[in-house]
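The next block holds one structure in the form of structure tokens; read it before the comments.
Protein chains: 4
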Amino acid sequence: MVRPAAEDSVPRRLLAAATKLFAQQGYDRTSVQEIVAAAGVTKGAMYHYFGSKDDLLSEIYGRVLRLQTEQLEKVAATEAPVAERLRRAAQDVVVSTIENLDDMTIFLQSVHLLAPEKSRAVRAERRRYHERFRALVEEGQRAGEFRADKPADIVVDFFFGSVHHLGAWYRSGGRLSAREVGEHYADLLLAGLRP
Amino acid sequence: MVRPAAEDSVPRRLLAAATKLFAQQGYDRTSVQEIVAAAGVTKGAMYHYFGSKDDLLSEIYGRVLRLQTEQLEKVAATEAPVAERLRRAAQDVVVSTIENLDDMTIFLQSVHLLAPEKSRAVRAERRRYHERFRALVEEGQRAGEFRADKPADIVVDFFFGSVHHLGAWYRSGGRLSAREVGEHYADLLLAGLRP
Amino acid sequence: MVRPAAEDSVPRRLLAAATKLFAQQGYDRTSVQEIVAAAGVTKGAMYHYFGSKDDLLSEIYGRVLRLQTEQLEKVAATEAPVAERLRRAAQDVVVSTIENLDDMTIFLQSVHLLAPEKSRAVRAERRRYHERFRALVEEGQRAGEFRADKPADIVVDFFFGSVHHLGAWYRSGGRLSAREVGEHYADLLLAGLRP
Amino acid sequence: MVRPAAEDSVPRRLLAAATKLFAQQGYDRTSVQEIVAAAGVTKGAMYHYFGSKDDLLSEIYGRVLRLQTEQLEKVAATEAPVAERLRRAAQDVVVSTIENLDDMTIFLQSVHLLAPEKSRAVRAERRRYHERFRALVEEGQRAGEFRADKPADIVVDFFFGSVHHLGAWYRSGGRLSAREVGEHYADLLLAGLRP
DNA sequence: GATGAATGAGAGTTCATTCAT
DNA sequence: TATGAATGAACTCTCATTCAT
Chain P
1 MVRPAAEDSV PRRLLAAATK LFAQQGYDRT SVQEIVAAAG VTKGAMYHYF GSKDDLLSEI
61 YGRVLRLQTE QLEKVAATEA PVAERLRRAA QDVVVSTIEN LDDMTIFLQS VHLLAPEKSR
121 AVRAERRRYH ERFRALVEEG QRAGEFRADK PADIVVDFFF GSVHHLGAWY RSGGRLSARE
181 VGEHYADLLL AGLRP
Chain F
1 MVRPAAEDSV PRRLLAAATK LFAQQGYDRT SVQEIVAAAG VTKGAMYHYF GSKDDLLSEI
61 YGRVLRLQTE QLEKVAATEA PVAERLRRAA QDVVVSTIEN LDDMTIFLQS VHLLAPEKSR
121 AVRAERRRYH ERFRALVEEG QRAGEFRADK PADIVVDFFF GSVHHLGAWY RSGGRLSARE
181 VGEHYADLLL AGLRP
Chain W
1 MVRPAAEDSV PRRLLAAATK LFAQQGYDRT SVQEIVAAAG VTKGAMYHYF GSKDDLLSEI
61 YGRVLRLQTE QLEKVAATEA PVAERLRRAA QDVVVSTIEN LDDMTIFLQS VHLLAPEKSR
121 AVRAERRRYH ERFRALVEEG QRAGEFRADK PADIVVDFFF GSVHHLGAWY RSGGRLSARE
181 VGEHYADLLL AGLRP
Chain B
1 MVRPAAEDSV PRRLLAAATK LFAQQGYDRT SVQEIVAAAG VTKGAMYHYF GSKDDLLSEI
61 YGRVLRLQTE QLEKVAATEA PVAERLRRAA QDVVVSTIEN LDDMTIFLQS VHLLAPEKSR
121 AVRAERRRYH ERFRALVEEG QRAGEFRADK PADIVVDFFF GSVHHLGAWY RSGGRLSARE
181 VGEHYADLLL AGLRP
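Now the structure itself:
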């Protein structure tokens, strides 16, 4: 019996259901029972594919981390002037955060709930991402395009705070498109860095 | 039997213990048993003073919201130029967030865990706070001191994202004092708003 | 409301029910649900008094170990000739094993199922008991009353193997009383040790 | 594809893995998953050769029972004096128990976990073995070589208790060889039976 | 004002077994 | 002969809350 391509595989259905529920109710408030019911499978099936509830969370993290890291690498590697590269990186991260708002919401509310070793791995990956971003800021400061009196890591934390907060207020279908919010955010960041 | 003045009252001890534990482990991961053990009282005593675990959370919120609202009102009501008032408000909220980092961490990680009606009340109070802040931005835009091409609510969300994120990276005893971080953050905000 | 003295306390009822069920079905095959049902209480009540299913087992062990240790110390401390003391110790341990056959059966079938640290504690206590018994054998060997060509620890293991095996065949109400079995066993041991 | 002769057959590998794991952790604590992993096969393969986890246990029993029964028959059928035959039978059972310590450990800890009908079969076989041994004791008592004031079945249970207990203390590579322990045990038994 | 025994529902996880392929 | 996805029931344990004292 060949499965219709339209019907998602069991692990994919589980991941989708978990993502939605975790974003809506939080990780701790979502029971494995709810997840498997939403995915239309049994608990046993879930534990066949994922070692634990924690693993579902890790997978969701992995997905979004990979995506954003790829985007950043691509933009950073172009030949454009550094101010331009930073602007595009900033705008991209806003857009992709909004486009994956569920994943990001979960990410921000639940990293600290992961088992220690997984939590460490995820944080390490996240740190690398921030460091790549910081390198752009420092490059611009050395080139004299950005003010040099603000520590680059403070700038990065300042900006990513704003980005992480998007899930708290942005509603799709609202006044502004993801692209517009990205432009506003990138403007505010770049303007703040003018020498 | 007269209690030594040095020993805090039972409700205060409970609130202190709950604050610390909620910040460390999250609301859902902290059991009532742990709280009462840390406070050195029994469960019965806790339920005598607080109707539920939820009530402890609401109380913690109330405390920090009241504090920050007061500060903002005070600064906003001065006669200084609007740019100066916004700078001081921004700096103040950073400093007081850092000084009450446990409360703020809990606030940000756990609002969505409150029972609906309490959650609504807290959010409403928070919204009023943000609106007061936004009014400052709009005043500056009308006065021509801030660029007018950025919606004021976007600016507010942009900045409070940064502030809320402080708990994720700031460590007391680190390189920068609360005051210094406040200045950097206020600078970045104000510079971003230059026309 | 004063409880009738006849009605056993909750922890005692739990211990009794657990003892019976563990002996009948084995530790792993007995569910907490079965235990609390047999004791007429809820699971919550059980976990109020015992930290885990393991704790029930440890408690049962403690009871029987204490009992047998006391008996041995009492006999060993008398002034009788060593052969007489060993005979009585041997007989006593048979009788008390038969009288607490459920506890002993559990003991023998389930020590290795205890959590490592508890298992270690129980084994250590057991070893002390065996060493006390061995000291009697060695005393008799030095006094020339027992043959000296058999290592005392081998003798002890030989005999306690027999004792531990009682649960596998002895049925109360059978042909022989506990006392009679004790005499036969003590005879076989002592005769085996004749020089 | 021809398998190398050195590589054991799948059922044999399963039996070996199960024996080791059952002896180490107990039957109930060992999952089918662990067994197949240790044997390097899949669950499906196991259920192809064995109807259930229980069947593995029965097979292990069968193996050791057959072995020991054969040995006893051989010794009992010789022409030597009865005391000599009993001595050799006793010594043999000690040696073969030590040489198959894993199987015997499992046997003793897990017979009661078998499904009723299989358990009955195994016990019956075991009983026949004990009866053959008892017959030797009785023969010696009738011949006046052994004291007659001890019921032969008590003697048999006394001795097999000791033998069964070997797994609880004997460690290969220790002070005494299997042969030496066998001699000591046989000595203690025979000396105990002197008239 | 304060205790702590007791509840009862539900949590995450494990597991022997089945069956379409 | 062999696979491995999937089942479904049972498992131990946790917890916020209640209430007689």
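Chains as they are written, first to last, in UniProt numbering: chain P, 1 to 195; chain F, 1 to 195; chain W, 1 to 195; chain B, 1 to 195. Here a beta-carbon is modelled for each residue, glycine too, at the ideal position from N, C-alpha and C.
{"query": "Run of the alpha helix (DSSP H) containing GLU79 of chain P, from where it starts to where it stops", "result": "Careful: GLU79 of chain P lies outside any alpha helix (DSSP H) and carries neither H nor E."}
{"query": "Own chain partners of PHE160 of chain P with C-beta closer than 7 Å, once the 5 adjacent residues on each side are dropped", "result": "HIS130"}
{"query": "Contact set for ARG134 of chain P: own chain, Cβ-Cβ below 7 Å, skip 5 residues either direction", "result": "ALA152, ASP153 and VAL156"}
{"query": "Identity of the residue in B:GLU70, B:TRP169, B:LEU14 and B:ARG179 nearest SER52 of chain B by Cα", "result": "B:LEU14"}
{"query": "Under the three-state DSSP convention, the category GLY62 of chain P falls into", "result": "helix"}
{"query": "Coil, strand or helix - ALA186 of chain P by DSSP", "result": "helix"}
{"query": "Bounding residues of the alpha helix (DSSP H) (the contiguous stretch that carries LEU136 of chain W)", "result": "116-142"}
{"query": "Near-chain F residues of the segment 99-111 of chain P (beta-carbon distance less than 8 Å), N- to C-terminal order", "result": "GLN109"}
{"query": "CB contact flag (LEU193 of chain B, ARG147 of chain B, <8 Å)", "result": "yes"}
{"query": "Beta-carbon gap between ALA83 of chain W and GLY144 of chain W smaller than 8 Å", "result": "no"}
{"query": "C-alpha distance - LEU40 of chain P paired with ARG128 of chain W, whole-angstrom precision", "result": "The identity of residue 40 of chain P in the sequence shown is Gly, whereas the question assumes Leu. Cα to Cα, the separation comes out at about 58 Å."}
{"query": "Chain-order list of residues whose beta-carbon lies under 7 Å from that of ALA76 of chain W (same chain, five-residue window excluded)", "result": "ARG85, ALA89, ARG132 and LEU136"}
{"query": "Chain-order list of residues whose beta-carbon lies under 6 Å from that of LYS74 of chain W (same chain, five-residue window excluded)", "result": "none"}
{"query": "Cβ contact check for the segment 175-188 of chain F and the segment 55-66 of chain W: 3 or more pairs under 8 Å", "result": "no"}
{"query": "C-beta atoms of ASP54 of chain W and GLN71 of chain W nearer than 8 Å", "result": "no"}
{"query": "Neighbour flag for PHE22 of chain F against chain P, beta carbons, 8 Å", "result": "no"}
{"query": "Cα-Cα separation, LEU56 of chain B to PHE50 of chain B", "result": "7 Å"}
{"query": "SER162 of chain F at chain P interface by Cβ criterion, 8 Å", "result": "yes"}
{"query": "Any chain W beta carbon closer than 8 Å to PRO81 of chain B", "result": "no"}
{"query": "Whole-number beta carbon distance between ARG87 of chain W and LEU190 of chain W, since they are thought to touch under 8 Å", "result": "6 Å"}
{"query": "Neighbour-count burial assignment, SER162 of chain P, 16 or more Cβ in a 10 Å radius", "result": "buried"}
{"query": "Distance cut-off 7 Å: PHE146 of chain B Cβ against heavy atoms of the ligand NAP", "result": "No copy of the ligand NAP occurs in the structure displayed, which carries no ligand at all."}
{"query": "6 Å Cβ shell around LYS118 of chain W - same chain, five flanking residues per side excluded", "result": "SER58"}
{"query": "Whole-angstrom distance between GLN25 of chain F and THR42 of chain F, CA atom to CA atom", "result": "21 Å"}
{"query": "Contact set for ALA23 of chain W: own chain, Cβ-Cβ below 7 Å, skip 5 residues either direction", "result": "ASP102, THR105 and ILE106"}
{"query": "Cα-Cα separation, ARG12 of chain P to GLY44 of chain B", "result": "26 Å"}
{"query": "Between the CA atoms of GLU125 of chain B and ARG29 of chain B - distance to the nearest angstrom", "result": "26 Å"}
{"query": "Opening and closing residue of the alpha helix (DSSP H) in which PHE107 of chain W lies", "result": "101-110"}
{"query": "Residues within the segment 124-144 of chain B neighbouring chain W, beta-carbon criterion of under 8 Å", "result": "none"}
{"query": "Interface flag, LEU188 of chain W vs chain B, CB-CB below 8 Å", "result": "yes"}
{"query": "Alpha-carbon spacing of ARG66 of chain F relative to ALA121 of chain F, whole angstroms", "result": "13 Å"}
{"query": "Pick from P:VAL94, P:GLN109, P:ASP149 and P:GLU99 that is closest to TYR185 of chain P, judged by C-alpha positions", "result": "P:VAL94"}
{"query": "Three-state secondary structure assigned by DSSP to VAL163 of chain F", "result": "helix"}
{"query": "For VAL111 of chain B and MET1 of chain B, the rounded distance between their alpha carbons", "result": "Low confidence applies here, because MET1 of chain B scores a pLDDT of 38, under 50, leaving its location unreliable; read the following figure in that light. MET1 of chain B and VAL111 of chain B: Cα-Cα distance of roughly 40 Å."}
{"query": "Neighbour list for LYS150 of chain W in chain B, Cβ cutoff strictly below 8 Å", "result": "HIS184, ASP187 and LEU188"}
{"query": "Collapsed DSSP secondary structure at LEU176 of chain B in the structure displayed", "result": "coil"}
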